[in-house]
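For the sequence shown, position 136 matches number 250 in this note's numbering, and the numbering has no gaps at all.
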Amino acid sequence: MVFDIAKARKMMEEQGIDCTLATSRENVYYSSGSDIETISSLKRLAAIFLPIEGDPVFGVHANEKVTARNSTWIKDMRVYEGGEWEPLKGIDFVASVLKEKGMEKATIGLELFDVPGLCLDHLRKLLPSASFVDCKSIFDKIRSVKTSEELKLLSEANMQTAKAITVAFEMARPGDTERQIGRNMMDLVVEYGSDIVAFIVLGAGKNIHETHHVPTDYKIKKGDLLHTDFGGWFQGYQTDISRMAVVGKPNSTQVKAYDIAVGAEWATADAMYSGATVMDVHNAVKAFYESKGQEYKRAFIGHSIGIGCHEFPFLGPAHGEWVLEPNMFFEIEPSCTIGDARIHTEDSFVTGKEKAKNVSEYRDISELQVIR
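In structure tokens:
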């Protein structure tokens with residue numbers, strides 16, 4: 115079991131929360147061990163009830179009871195009827211469990227970013243004397259530091275994702291389409307251990323300027339830069355790697371932009387030591403870009419990753435006070451644009467007592483990969 119109940123309850127006590135409900139797919143999975151896919155695909159409710167005292171309760175739709183029972187450690191599992199076609203029936207169920215637990219006048223922690231407004235209004239009507247507060251910070255904080263098992267899984271998964279990208283670029287030839295290269299990449303990442311592809315961004319030529327370009331029938335040609343941002347699902351955890359390549363010998367502008375982006379990646383890692391704040395990291399990155407004559411205005415240079423693709427903290431001013439600890443897992447993704455050369459790279463790093471360690475460098479990233 116990954117979920118640290120004792121730590122969660124300590125944070126609940128500090129925030130005055132009597133019962134916490136996990137309802138997002140990520141936090142239901144993290145706290146129960148059950149990946150209920152229909153939470154995201156069908157907006158179908160599943161909920162983990164964690165009271166400050168007593169055993170937790172796992173509530174799922176009837177169609178998910180076998181999946182849940184086969185994968186969760188939680189003994190008290192409840193099944194409700196209704197679904198996305200009758201969304202308030204799920205809220206009726208939530209209220210009934212809270213009433214059973216004596217929570218009619220309690221302070222309830224909800225994922226307020228996740229719960230639809232109509233459902234929250236209905237829950238407030240059913241429990242008019244209860245107070246509802248956001249509990250997202252509890253899950254964010256616990257999930258930000260990985261267990262040894264999570265670090266092993268994420269490190270291997272991101273390395274295999276980087277391998278799939280590298281090999282797909284090695285297979286590519288002038289005249290191949292973005293779609294062909296992307297198909298090879300997707301096939302390879304599954305061959306290398308991914309359960310399914312999470313997402314693929316791949317563009318060449320002028321298409322690299324579209325941040326999230328979907329592969330098309332554009333044929334790559336000499337002088338083109340290629341950009342991919344690519345990830346898979348490995349045992350419920352996501353990967354997120356970005357790479358660049360060039361068709362034929364790169365020009366001086368492409369090399370300069372690439373060198374700055376990779377340099378920014380290492381400058382970020384050097385600043386990510388235990389005890390540093392996110393703002394310390396941001397300031398170091400900003401100083402690096404300015405030393406290269408580049409303006410730095412990005413909201414963040416990277417983000418944590420795990421069950422979710424974008425997890426807290428983000429490496430930018432919005433999370434500036436967050437203090438880094440050992441065993442945090444980040445994707446560092448610098449960029450640099452000079453003229454028509456737009457570069458974006460992304461690698462996985464694990465924090466320690468000193469600078470962060472790159473765990474996804476399948477191929478030496480100091481040189482731009484060439485397609486011949």
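From the three backbone atoms N, C-alpha and C, an ideal C-beta is built for every residue, glycine too.
Using the three-state DSSP reduction, which class does residue i fall into: helix, strand or coil?
i           : result
residue 445 : strand
residue 244 : coil
residue 258 : helix
residue 323 : helix
residue 233 : helix
residue 144 : helix
residue 439 : coil
residue 180 : helix
residue 464 : strand
residue 318 : strand
residue 275 : helix
residue 456 : strand
residue 217 : coil
residue 310 : strand
residue 485 : strand
residue 428 : strand
residue 451 : strand
residue 157 : coil
residue 60  : Because the chain in this structure spans residues 115 to 486, residue 60 falls outside the shown range and cannot be described.
residue 335 : coil
residue 479 : coil
residue 296 : helix
residue 328 : coil
residue 149 : coil
residue 303 : helix
residue 206 : helix
residue 200 : coil
residue 119 : helix
residue 227 : coil
residue 188 : coil
With distances taken between CB atoms, is the gap from residue i to residue j smaller than 9 Å?
i           : j           : result
residue 402 : residue 381 : yes
residue 443 : residue 269 : yes
residue 417 : residue 379 : no
residue 430 : residue 415 : yes
residue 236 : residue 267 : no
residue 485 : residue 286 : yes
residue 323 : residue 315 : no
residue 136 : residue 161 : yes
residue 283 : residue 340 : yes
residue 359 : residue 459 : no
residue 240 : residue 190 : no
residue 350 : residue 421 : yes
residue 133 : residue 204 : no
residue 148 : residue 178 : yes
residue 144 : residue 150 : no
residue 198 : residue 238 : no
residue 387 : residue 399 : no
residue 116 : residue 261 : yes
residue 455 : residue 321 : no
residue 242 : residue 293 : no
residue 180 : residue 192 : no
May I ask you to list the residues that DSSP assigns as paired with residue i?
i           : result
residue 282 : According to DSSP, residue 282 bridges with nothing at all.
residue 222 : 133 and 246
residue 194 : 175
residue 163 : 135 and 171
residue 472 : 463
With a cut-off of 8 Å on the beta carbons, I'd call residue i and residue j a contact; round off their distance for me.
i           : j           : result
residue 465 : residue 445 : At roughly 12 Å, the Cβ-Cβ gap does not stay under 8 Å, so residue 465 and residue 445 are not in contact.
residue 355 : residue 345 : 7 Å
residue 256 : residue 342 : The Cβ separation is near 32 Å, so there is no contact.
residue 249 : residue 131 : 6 Å
residue 369 : residue 482 : 7 Å
residue 253 : residue 234 : Residue 253 to residue 234, Cβ: 18 Å. No contact.
residue 434 : residue 391 : 6 Å
residue 244 : residue 220 : 6 Å
residue 371 : residue 451 : 7 Å
residue 152 : residue 172 : Contact doesn't hold; Cβ gap of about 15 Å is too wide.
Kindly provide the ranges of any beta strand (DSSP E) runs that are 3 or more residues long and lie completely inside the segment 337-425, ordered along the chain. 339-348, 355-361 and 416-418
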